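Peer 1: Could you have a look at this structure, given as structure tokens, before my questions?
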Amino acid sequence: MIRVAYLCEFPSVNGGENSLLSFLASTPEEIEPIVLCPQAGPFAERLRQLGIASEGLHLVDSNGQRRDPELVNAELLAILKSLSPQIVHANSLSMSRVLGRIANKLSIPCFGHLRDILNVSKKVISDLSQLSKCIAVSDATRQCYVEQGLDEQRILRIYNGITSKQPENALASNREGLRARLGLGSSSPLIGGIGQIGLRKGWDVLLDAVEHWLATDPTVDPHVVIAGVRHSNKQESIEYEQVLLQRGKHGPLSGRVHLVGYWTPIDQFLQEIDVLTHPAYQEPLGRVLLEAAALGTPVIATDVGGTPEIFGESGAVLVPKADSRAMAEGLSRVLKEPEFSRCLTKEAASRVQTLFGTERHREAVLDLYRSILN
Numbered sequence: 000m001i002r003v004a005y006l007c008e009f010p011s012v013n014g015g016e017n018s019l020l021s022f023l024a025s026t027p028e029e030i031e032p033i034v035l036c037p038q039a040g041p042f043a044e045r046l047r048q049l050g051i052a053s054e055g056l057h058l059v060d061s062n063g064q065r066r067d068p069e070l071v072n073a074e075l076l077a078i079l080k081s082l083s084p085q086i087v088h089a090n091s092l093s094m095s096r097v098l099g100r101i102a103n104k105l106s107i108p109c110f111g112h113l114r115d116i117l118n119v120s121k122k123v124i125s126d127l128s129q130l131s132k133c134i135a136v137s138d139a140t141r142q143c144y145v146e147q148g149l150d151e152q153r154i155l156r157i158y159n160g161i162t163s164k165q166p167e168n169a170l171a172s173n174r175e176g177l178r179a180r181l182g183l184g185s186s187s188p189l190i191g192g193i194g195q196i197g198l199r200k201g202w203d204v205l206l207d208a209v210e211h212w213l214a215t216d217p218t219v220d221p222h223v224v225i226a227g228v229r230h231s232n233k234q235e236s237i238e239y240e241q242v243l244l245q246r247g248k249h250g251p252l253s254g255r256v257h258l259v260g261y262w263t264p265i266d267q268f269l270q271e272i273d274v275l276t277h278p279a280y281q282e283p284l285g286r287v288l289l290e291a292a293a294l295g296t297p298v299i300a301t302d303v304g305g306t307p308e309i310f311g312e313s314g315a316v317l318v319p320k321a322d323s324r325a326m327a328e329g330l331s332r333v334l335k336e337p338e339f340s341r342c343l344t345k346e347a348a349s350r351v352q353t354l355f356g357t358e359r360h361r362e363a364v365l366d367l368y369r370s371i372l373n
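Going by numbering that gives the first Met the number 0, the residue at position 303 of the sequence shown is 302; the numbering climbs one at a time, nothing skipped.
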């Protein structure tokens, strides 16, 4: 077995954490993991439930302020030396930067997983360049960092893996569960969204699209259900959330916008909605999109980042970012043309099975580990 220390910065469970958990679940005979992460929160609890060892690591203090980088570096270096892993694998861009700062003081391979598409400084590229290899979750993500100066030989693309699912076998209640909670009838289309409540997710564009659809077709009775929470305490994020809530209380969307918070299991949510919308301004490789494709939920998403790599030309309705009218047209077609919707989901499921299977992801990561160790 390969003893690997995984570095995770967040206490929450989002796409990156779920992808890591999925990988670890597929490698019980190959990997001996130890996860360094905040010890309070849903992620640490999931690790405990799964019997995965963890150690405390905190990038922020009790007031939510970033700790001094030199203190973090020294603390992380001491923990890693005491654990004696064969490999260290940072699970995010931020943790990859931290690991890059101390990589030359470790005599073992260091990997960084890049799950964000961002404009970064030369210092960030310098930190990433200290790692043995960087793993990008999509070709679009890889290209983003190569164009900013990261050596193309130092970064490779490994798609996240997802298990193919049959809807009848997924953990879900019947279709009326979510509707009953919201007090909605069976005839109202449920337009779902999953993700953090924040500006870059584009939820305001989705609400604009639904408003436009209502204005052009008064016979429809759509409801928007967003599963997610706001993590940022920045004033702009707080105000953004309040605007979404107010639009659900007043105006054309009064009574039609439902923010239901963190939702689990996600399979249940995906089976109870009629379409998943993903209006993000940027998306390296949305795990929720893979989940939807695996379960046969039709998708309307922005044509950004790694999203076209998931769906190709005919697995989803892809629209330009910030284009609410195009999204409204997509909603109308997906929800009113069942055969079109079936064609989308069939193609999406096929692509997920071919390109994004758990086994494919598992072998790619293990091959990388073994090649470096050998």
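Glycine residues also receive a C-beta, built at the ideal position from the N, C-alpha and C atoms. Owing to the predicted nature of the structure, the values given are computational and were not obtained by experimental measurement.
Let me check understanding here. Comparing Cα to Cα, which of Leu23, Gly176, Lys104 lies closest to aspartate 266?
Peer 2: Checking every option, the nearest Cα to that of aspartate 266 belongs to Gly176.
Peer 1: Going by alpha carbons, who is nearest to leucine 372 out of Ile86, Pro307, Ala315?
Peer 2: Looking at the Cα atoms, Ile86 is the closest of the given residues.
Peer 1: Mark asparagine 118 as exposed unless 16 or more other C-beta atoms lie within 10 angstroms of its C-beta, in which case mark it buried.
Peer 2: By the neighbour-count rule (16 or more Cβ atoms within 10 Å), asparagine 118 is not buried but exposed.
Peer 1: Around the Cβ of glutamine 270, are there at least 16 other Cβ atoms within 10 angstroms (buried) or fewer (exposed)?
Peer 2: Buried is the call here.
Peer 1: Which same chain residues, not among the five before or five after proline 319, have their C-beta less than 8 Å away from its C-beta?
Peer 2: Thr301, Asp302, Ala325.
Peer 1: Using beta-carbon positions only, say whether serine 91 and glycine 15 come within less than 8 Å of one another.
Peer 2: Yes, the Cβ-Cβ distance between serine 91 and glycine 15 is below 8 Å.
Peer 1: Report the option in Ile116, Tyr158, Ile161 whose CA atom is closest to the CA atom of glutamine 142.
Peer 2: Comparing Cα positions, the closest option is Ile116.
Peer 1: Where do the N-terminal and C-terminal ends of the beta strand (DSSP E) with valine 34 fall, by residue?
Peer 2: First-last of the beta strand (DSSP E) with valine 34: 30-36.
Peer 1: For isoleucine 193, which option in His257, Ala77, Asp126 has the closest C-alpha, if you only look at C-alpha atoms?
Peer 2: Among His257, Ala77, Asp126, the Cα nearest to that of isoleucine 193 is on His257.
Peer 1: Going by DSSP in three states, threonine 218 sits in which element: helix, strand or coil?
Peer 2: Looking at threonine 218 - three-state DSSP - the assignment turns out to be coil, as it is neither helix nor strand.
Peer 1: CB-CB under 7 Å to asparagine 159, same chain, minus the five flanking residues each way: which ones, in chain order?
Peer 2: Excluding residues within five positions, the ones whose Cβ falls inside 7 Å are Ser18, Val136, Leu284, Arg286, Leu289, Phe355, His360.
Peer 1: Where do the N-terminal and C-terminal ends of the beta strand (DSSP E) with leucine 6 fall, by residue?
Peer 2: Start and end: 1-6.
Peer 1: If you reduce the DSSP assignment to three classes, tell me which class valine 242 lands in.
Peer 2: Of the three classes helix, strand and coil, the one that applies to valine 242 here is helix, per DSSP.
Peer 1: In the stretch 93-131, which residue ranges form an unbroken beta strand (DSSP E) of at least 3 residues, counting only runs that do not cross its ends?
Peer 2: List check, beta strand (DSSP E) in window: 109-113.
Peer 1: Between threonine 215 and glutamate 328, what straight-line distance do the alpha-carbon atoms span, to the nearest angstrom?
Peer 2: Their Cα atoms are separated by approximately 10 Å.
Peer 1: Does the stretch 244-263 touch the stretch 273-281, meaning 3 or more C-beta pairs lie closer than 8 Å?
Peer 2: Because the criterion of three Cβ pairs below 8 Å is not met, the stretch 273-281 and the stretch 244-263 do not touch.
Peer 1: So, with DSSP's three-state summary, where would you put arginine 255?
Peer 2: Arginine 255 falls in the coil class under three-state DSSP.
Peer 1: Answer yes or no: do proline 278 and valine 204 have a C-beta to C-beta separation smaller than 8 Å?
Peer 2: Yes, these two residues count as a Cβ contact at 8 Å.
Peer 1: Return the CA-CA distance between glutamate 146 and glycine 304, expressed in angstroms with no decimal places.
Peer 2: Spanning the two alpha carbons is a distance of roughly 14 Å.
Peer 1: Output the boundary residues of the alpha helix (DSSP H) element that contains alanine 52.
Peer 2: From DSSP, alanine 52 is part of no alpha helix (DSSP H) but of the beta strand (DSSP E) over 52-55.
Peer 1: Starting from isoleucine 299, trace the beta strand (DSSP E) both ways and give me its first and last residue.
Peer 2: Residues 298-301.
Peer 1: Helix, strand or coil: which one does DSSP assign to leucine 70?
Peer 2: Three-state DSSP puts leucine 70 in a helix.
Peer 1: With distance defined between alpha-carbon atoms, name the residue in Leu181, Ser340, Lys80 nearest to arginine 2.
Peer 2: Taking only the C-alpha atoms, the option nearest arginine 2 is Lys80.
Peer 1: Just list the residues that DSSP pairs isoleucine 154 with in beta bridges.
Peer 2: DSSP, once it has assigned bridges, lists Cys133 as partnering isoleucine 154.
Peer 1: State the DSSP-derived secondary structure class of valine 375, mapped to helix, strand or coil.
Peer 2: Since the first residue of the chain shown is 0 and the last is 373, residue 375 is not available in this structure.
Peer 1: Figure out for me which residue from Ser25, His222, Ala208, Met94 has the closest Cα to the Cα of glutamate 362.
Peer 2: Nearest option by C-alpha distance: Ser25.
Peer 1: According to DSSP, is histidine 249 part of a helix, a strand, or is it coil?
Peer 2: Coil.
Peer 1: Please classify alanine 291: does DSSP put it in a helix, a strand, or coil?
Peer 2: Looking at alanine 291 - three-state DSSP - the assignment turns out to be helix.
Peer 1: What does the alpha-carbon distance come out to for the pair tryptophan 308 and leucine 334?
Peer 2: The sequence shown places glutamate at residue 308, not tryptophan. Roughly 24 Å between the two C-alpha positions.
Peer 1: Using three-state DSSP, classify glycine 192 as helix, strand or coil.
Peer 2: Strand, per DSSP.
Peer 1: Give me the Cα-Cα distance between arginine 156 and aspartate 138, rounded to the nearest whole angstrom.
Peer 2: Roughly 6 Å between the two C-alpha positions.
Peer 1: Quick one: which unbroken beta strand (DSSP E) runs of 3-plus residues sit fully inside the stretch 298-360? Chain order, please.
Peer 2: Qualifying beta strand (DSSP E) stretches, in chain order: 298-301, 316-318.
Peer 1: Assuming glycine 197 and tyrosine 239 are in contact, meaning their beta carbons sit under 8 Å apart, how far apart are those beta carbons, in whole angstroms?
Peer 2: Confirmed, Cβ separation roughly 7 Å.
Peer 1: Just to confirm my understanding: we take serine 53, look at its own chain, exclude 5 residues before and 5 after, and list those with CB closer than 8 Å. What are they?
Peer 2: Only Ile33, Val34, Leu35, Cys36, Gln38, Ala43, Leu46, Arg47 meet the Cβ criterion.
Peer 1: In three-state terms, what does DSSP make of asparagine 90?
Peer 2: In this structure, asparagine 90 counts as coil in the three-state DSSP scheme.
Peer 1: Could you tell me the distance, in whole angstroms, from the CA atom of phenylalanine 22 to the CA atom of leucine 213?
Peer 2: So the alpha carbons of these two residues sit roughly 42 Å apart.
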